[in-house]
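Here's the structure, in structure tokens; my notes come after.
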Amino acid sequence: MPALESRVVNVKLLNKEVAHTLHSIKGEPSAGYRTDIQGLRAIAVLAVILYHVNKNWLPAGFLGVDVFFVISGFIITSIVTGGGGGFSRSFYLGRIRRIVPAYLVTLLFSCLVASVLLVPSDFKFFQDSFQSALLFHSNSYFSDFGSYFAPAAHELPLLHTWSLAVEMQFYLLLPLLLFVLPKRWVPPALLVAIVACTVYAQWQLGEVDNQRHVYFALLARVPEFLIGAWLAASAIGRSWRGARAEAASVCGVLLLLACFFLIDAAHFPGLLAILPCLATALIIVGNKSRIGSGLSNPALVWIGAISYSLYLWHWPVLAFIRYWSGRYELGLVPMLLFALLTVSLACASYYWIETPMRKPGSMGRLGGLVAVVLLVAFAVAPTVNEKIQRPLPVELTRYAPAEEICHGKLVGQCRRGDPEQPVAALVLGDSHAAQLNYFFDTAGKQQKFAVQVISASNCVPIPGFDVERIPDYSRADCLAQSQALAPMLARTDRVIIAGMWQWQAQSDAFLQALADFVKTLASQGKRVIVLGQVPMFEVNVQRMQRFSVLGMHMAPEFNAAWKAGNSKVAERLSGIDNVYFLDLSPLPFFQHAPYEDGMLIYQDNHHLNERGARRYGEAAAPVLAKLLFPQH
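When we follow our numbering, the leftmost residue of the sequence shown carries the number 1333, and every step to the right adds one.
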């Protein structure tokens, strides 16, 4: 019997030694390794990926990031308070080995693909985001990011790095909460910090146009980490078994499922963030339950193990596919390509980068990786981007110099057309009015009239415009242009309105405001002309040209919705005296769009460029003048 007992003890010691080795490779202490948490990581990353592929599949799948934050706070605090050596040099080196190598390789890959695929203007946006991501500061960058002509959010390859920036910043703050306080004070101090930061985030959400800034803010996300940290520091639930563990885990799962389908991103984070974090905490403390056993399923544990790499790689792959296709929703073939690339890259990243680089002694290789990333990002990639295709002449890449037109601000008299003529009409609208500055220059000089043009991004600056619908970076300009409109209206008896009706007409509130506005103008004896939206294409035409150089030829394909937008606006305004809807898309000018006589006339998929605006003005001038001045 003593010999048998000795063998049993030796086997237990061997198992502990193997576990310690495996967990050291993971960058976590063996005492803290839990397969159920790996399974929970799998649920979190799958929720995020589902949401990113199609936000309608899991309406609040973005909460997977919040689940990660709670887990991170729990694990890191367990390391510190569980005999892991505190916030020593080895702790920080372990965090760096855990996060940075795979992160840098993802940045490197993204930079190389971006240098090939992205047109120069889009590559400039990428470079800015790359620099912020490299410094783990991209949450602040994307918080302040906003440009009408930047790629759409779902086409920004590094947008997802904001959460990693928040996590790394949290690691710098955590010592202040754990290391400097006596151990008995830590749990109550964490609770105070959770309440204070949650109240702050909720208060900030109440400020106008502030939701995006709160979403990316470290302080707004700190409570999510600290809930996990409080679990570890207070040791609550550590001994829960039986009915208590079962009840906690069931309540946690049900609450998390409800959050995934019911929480609205427009009012998040803040108080709402407590719900998914509480759900995650209940699942963590209810680990000694049937649900905990289910989360320890080998398949979920494996997905959890590669979850960091899955998170790193899925978004750039998705963003680049969308950038190439010009579509948010993916078809079957792009979806299969996305799945294959994401899983393959994540596995390669986990087995060839994450796991080897977690071992002690890998810091020298990390230094070499940093050098390669810097060389590629700041020397190789910009050169590649410029060499693939010669930059287009500037007049083909914009509809007018921003500093010369009244778009979002007033510049001089906002006059266009014949400078010798008095202002005959006021032109207003969104960027589809702004693109007509040179149109009216040309048409006015040809037909001897002048106009004032006032516009704002995403906004038709009329009374009652539903400004809360548009991106927050556009709202201040929209309101300013709306206020500037009144005195201009008083000085004219003709008004021309242009807009991206395909988008604006989706809002019933806007259509009602537009109808009310033109009725008021018509009742004052003013003549109102509403210009139809110019034809729109599925893919940005500058991108099509670059893809052609790369051997990926794409034929111009009209977007089906622009005609429907025109029809919706025309129908809403029909029957109002002195109001005319003028659709110029049947003109021969658009016969071979986005080209005319072999020259590009569009700057993207729905705006004309300078050359196109001038040529459009030449083609449309007689028709427009006849409608503006029917007595002539």
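Glycine is no exception: its CB is placed at the ideal position from the N, C-alpha and C atoms.
Compute the distance between the beta-carbons of residue i and residue j, then report whether it is under 9 Å.
| i | j | result |
| --- | --- | --- |
| Ile1908 | Val1827 | no |
| Trp1833 | Gln1865 | yes |
| Leu1919 | Ala1951 | yes |
| Gln1935 | Gln1844 | no |
| Ile1786 | Ala1765 | yes |
| Gln1745 | Gly1776 | no |
| Asp1368 | Ser1628 | yes |
| Pro1391 | Phe1592 | yes |
| His1492 | Trp1647 | yes |
| Leu1768 | Tyr1948 | yes |
| Arg1427 | Ser1639 | no |
| Phe1772 | Gly1740 | no |
| Phe1458 | Cys1609 | no |
| Ala1709 | Leu1440 | yes |
| Ala1598 | Gln1543 | yes |
| Val1649 | Leu1677 | yes |
| Trp1894 | Pro1867 | yes |
| Ala1580 | Ile1615 | yes |
| Lys1900 | Ala1837 | yes |
| Ala1651 | Gly1618 | no |
| Pro1830 | Leu1863 | The identity of residue 1830 in the sequence shown is Ala, whereas the question assumes Pro. Yes, the Cβ-Cβ distance between Ala1830 and Leu1863 is below 9 Å. |
| Gly1624 | Leu1632 | no |
Quick one: what's got a C-beta closer than 6 Å to residue i's C-beta in the same chain, skipping five residues either side?
| i | result |
| --- | --- |
| Phe1548 | Asn1471, Phe1474, Ser1475, Trp1494 |
| Gly1696 | none |
| Pro1555 | Ile1526, Cys1529, Thr1530 |
| Ile1685 | Pro1433, Ala1434, Val1437 |
| Ala1847 | Arg1904 |
| Met1689 | Arg1429, Pro1433 |
| Pro1483 | Asp1454 |
| His1939 | Tyr1731, Gln1767 |
| Ser1464 | Ser1470, Tyr1473 |
| Arg1878 | Val1451, Gln1721 |
| Ala1376 | Gly1396, Val1399, Phe1400 |
| Ala1552 | Ala1533, Val1546, Pro1601 |
| Asp1541 | Asp1804, Arg1807 |
Excluding the 5 residues preceding and the 5 following residue i in the sequence, name in chain order all residues of the same chain whose CB lies nearer than 7 Å to its CB.
| i | result |
| --- | --- |
| Ser1681 | Ala1434, Val1437, Ser1641, Leu1644, Trp1645 |
| Ala1816 | Leu1742, Ile1786 |
| Leu1603 | Thr1530, Gln1534 |
| Ser1657 | Pro1666 |
| Ala1757 | Val1783, Thr1824, Arg1826, Val1827, Ile1828, Leu1960 |
| Ser1566 | Pro1519 |
| Gly1944 | Ile1933, Tyr1934 |
Assuming residue i and residue j are in contact, meaning their beta carbons sit under 8 Å apart, how far apart are those beta carbons, in whole angstroms?
| i | j | result |
| --- | --- | --- |
| Val1716 | Ser1447 | 4 Å |
| Thr1612 | Val1380 | No, Thr1612 and Val1380 are not in contact; Cβ-Cβ is about 14 Å, not under 8 Å. |
| Lys1506 | Ile1408 | For the sequence presented, residue 1506 should be read as Leu rather than Lys. Leu1506 to Ile1408, Cβ: 7 Å. Contact. |
| Ile1861 | Leu1960 | 7 Å |
| Arg1747 | Ala1788 | The pair is not a contact, with the Cβ atoms about 18 Å apart (cut-off 8 Å). |
| Ala1561 | Gly1405 | 4 Å |
| Ala1713 | Leu1932 | In fact, because the Cβ distance is near 26 Å, the residues do not count as touching under 8 Å. |
| Ser1410 | Ala1564 | 4 Å |
| Glu1736 | Glu1942 | 11 Å between Cβ atoms; not a contact. |
| Leu1607 | Leu1587 | 6 Å |
| Ser1839 | Arg1801 | 6 Å |
In the DSSP output, what is residue i paired with across the bridge?
| i | result |
| --- | --- |
| Ile1861 | Ile1828, Tyr1912 |
| Arg1747 | Gln1784 |
| Phe1869 | Phe1890 |
| Leu1760 | Ile1786, Ile1829 |
| Tyr1927 | Leu1932 |
| Cys1791 | Ala1788 |
| Leu1558 | Leu1558 pairs with nothing; no bridge assigned. |
| Val1755 | Ala1782 |
| His1739 | Ser1787 |
| Leu1940 | Tyr1934 |
Can you check whether the C-beta of residue i is within less than 9 Å of a C-beta belonging to chain D?
| i | result |
| --- | --- |
| Phe1458 | Of the protein chains in this structure there is only one, and it is not chain D. |
Kindly list the residues whose CB is nearer than 8 Å to the CB of residue i, restricted to its own chain and excluding five residues on each side of it in sequence; keep chain order.
| i | result |
| --- | --- |
| Phe1797 | Cys1791, Cys1810, Ser1814, Phe1842, Ala1845 |
| Glu1889 | Phe1869, Glu1870, Val1871 |
| Met1667 | Val1385 |
| Leu1382 | Trp1389, Leu1390, Gly1393 |
| Ser1694 | Arg1429, Pro1433, Pro1688 |
| Met1884 | Trp1656 |
- prompt: Quick one: complete alpha helix (DSSP H) runs, 4+ long, within the segment 1478-1516?
  reply: 1493-1510
- Secondary structure, alpha helix (DSSP H): runs of 4+ residues fully inside the segment 1689-1726: 1695-1707, 1713-1720
Write down every uninterrupted run of the alpha helix (DSSP H) in the segment 1376-1438 whose length is 4 residues or greater and which is fully enclosed by it, in chain order.
-> 1396-1413
- prompt: Which runs of the alpha helix (DSSP H), 4 residues or longer, sit entirely within the segment 1576-1622?
  reply: 1606-1617
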